[in-house]
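Asks:
Given below as structure tokens:
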């Protein structure tokens, strides 16, 4: 059993999901890679932004 | 100059395309040259002839085989189509996500008591053989007891949904809907 922090779980989730999205949603390897990086960045950055918004709301 | 010499008997091409035609008759052409006597070479044409890409005929064989194989085992649909790199990445991602979900003590849905359980069960079924193997070997948790178990449950469900997307992608490659 592994104990992961929320952020670590988000990073792994984003890595796996963006890999599948990149391969399945684009046609050429270059565009697959670019779309995968794009999805990964959006996953992680949106999680960070939403976390800060929730933190500020809770105060 | 070329059109001026034969204004009525030669076809009217755009200047760029006409300049790329290579007449078989050497210049200077005789004044009695007609369209029928002109032989054109296709070398250097603006629009080269269309070549079909080599590959499996989309109409041959059982087209749903990559879809079913991809559902049963992550990446197998792409392996059948000889997309080794894509299949390996898909398998690593989906199996890794499923394994992390199990390692975080995620819950495997076994039945449908309410609507949320039903949705989770459908998501788990997307992993194909991994779901049935986890049921046979009693992997995963029946109840979420730790904090990370909730994350793990979502990892397992999303792994199944991603596997469905990958299997449909293999089917699209097989039918030619997505270029290879």
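Residue numbers (the working numbering), protein chains in the order written: chain A, 48 to 106; chain B, 173 to 352. Glycine residues also receive a C-beta, built at the ideal position from the N, C-alpha and C atoms.
Does residue 188 of chain B pass the burial test, meaning 16 or more other C-beta atoms within 10 Å, or should it be called exposed?
Replies: Caution applies to residue 188 of chain B, whose pLDDT of 47 falls short of 50 and renders its modelled position unreliable; the model cannot decide the point.
Asks: What residues in its chain sit with their C-beta under 7 angstroms from that of residue 83 of chain A, if we drop five residues either side in the sequence?
Replies: Correct list, in chain order: 65, 66, 68, 69.
Asks: With a threshold of 8 angstroms between beta carbons, is residue 64 of chain A in contact with chain B?
Replies: Residue 64 of chain A counts as touching chain B.
Asks: Output needed for residue 53 of chain A: all residues of its chain with C-beta closer than 7 angstroms, excluding positions within five of it in sequence on either side, in chain order.
Replies: Cβ within range, chain order: n/a, list empty.
Asks: If we cut at 8 angstroms on Cβ distances, does residue 310 of chain B have a partner in chain A?
Replies: Answer no: the Cβ-Cβ gap between residue 310 of chain B and chain A never drops below 8 angstroms.
Asks: Comparing C-alpha positions only, which one of B:352, B:346, B:351, B:350 sits nearest to residue 232 of chain B?
Replies: Minimum Cα distance to residue 232 of chain B is reached at B:346.
Asks: If we ignore side chains and look at the alpha-carbon of each, how far apart do residue 50 of chain A and residue 314 of chain B end up?
Replies: Each residue's alpha carbon lies about 18 angstroms from the other.
Asks: Closer than 7 angstroms, Cβ to Cβ, to anything on chain B: give me those residues from the region 66–90 of chain A, in chain order.
Replies: Per Cβ criterion, the list reads 66, 67, 70, 71, 74.
Asks: Please compile the residues from chain A whose C-beta is within a distance smaller than 7 angstroms of the C-beta of residue 320 of chain B.
Replies: By Cβ distance, chain A contributes 50, 51.
Asks: Apply the 10 Å Cβ neighbour rule to residue 93 of chain A and answer buried if 16 or more other Cβ atoms are within range, or exposed otherwise.
Replies: It is exposed - the Cβ of residue 93 of chain A has fewer than 16 other Cβ atoms within 10 Å.
Asks: By Cβ distance below 8 angstroms, which residues in the same chain neighbour residue 282 of chain B in space, the five residues on each side in sequence not counted?
Replies: Once the five neighbours on either side are set aside, the close Cβ partners of residue 282 of chain B are 293, 307, 314.
Asks: What residue range is occupied by the uninterrupted alpha helix (DSSP H) comprising residue 311 of chain B?
Replies: Note, residue 311 of chain B: premise wrong, no alpha helix (DSSP H); not H, not E.
Asks: Under the three-state reduction of DSSP, which class applies to residue 350 of chain B: helix, strand or coil?
Replies: Residue 350 of chain B: coil per DSSP, three-state reduction.
Asks: What are the residues that DSSP puts in a beta bridge with residue 279 of chain B?
Replies: Answer by DSSP bridge pairing, in chain order: B:313.
Asks: Does the beta-carbon of residue 272 of chain B have 16 or more other beta-carbons within 10 angstroms, so that it is buried, or is it exposed?
Replies: Classification of residue 272 of chain B: buried, given that the 10 Å Cβ count is 16 or more.
Asks: Are there 16 or more other CB atoms within 10 angstroms of the CB of residue 101 of chain A, so buried, or fewer, so exposed?
Replies: When all chains shown are included, residue 101 of chain A counts as exposed.
Asks: Between the Cα of residue 246 of chain B and those of A:58, A:55, A:63, spot the shortest distance and give me the residue it belongs to.
Replies: Closest option to residue 246 of chain B, Cα to Cα, is A:63.
Asks: Step through the CB atoms of chain A and report whether any lies within less than 8 angstroms of the CB of residue 202 of chain B.
Replies: With a pLDDT of 48 at residue 202 of chain B, under the threshold of 50, the modelled position of that residue is not reliable, and the figure given next carries that caveat. So no, residue 202 of chain B is outside the interface.
Asks: Three Cβ pairs or more, each shorter than 8 angstroms: is that satisfied between the region 331–347 of chain B and the region 296–311 of chain B?
Replies: Yes: at least three Cβ pairs fall under 8 angstroms.
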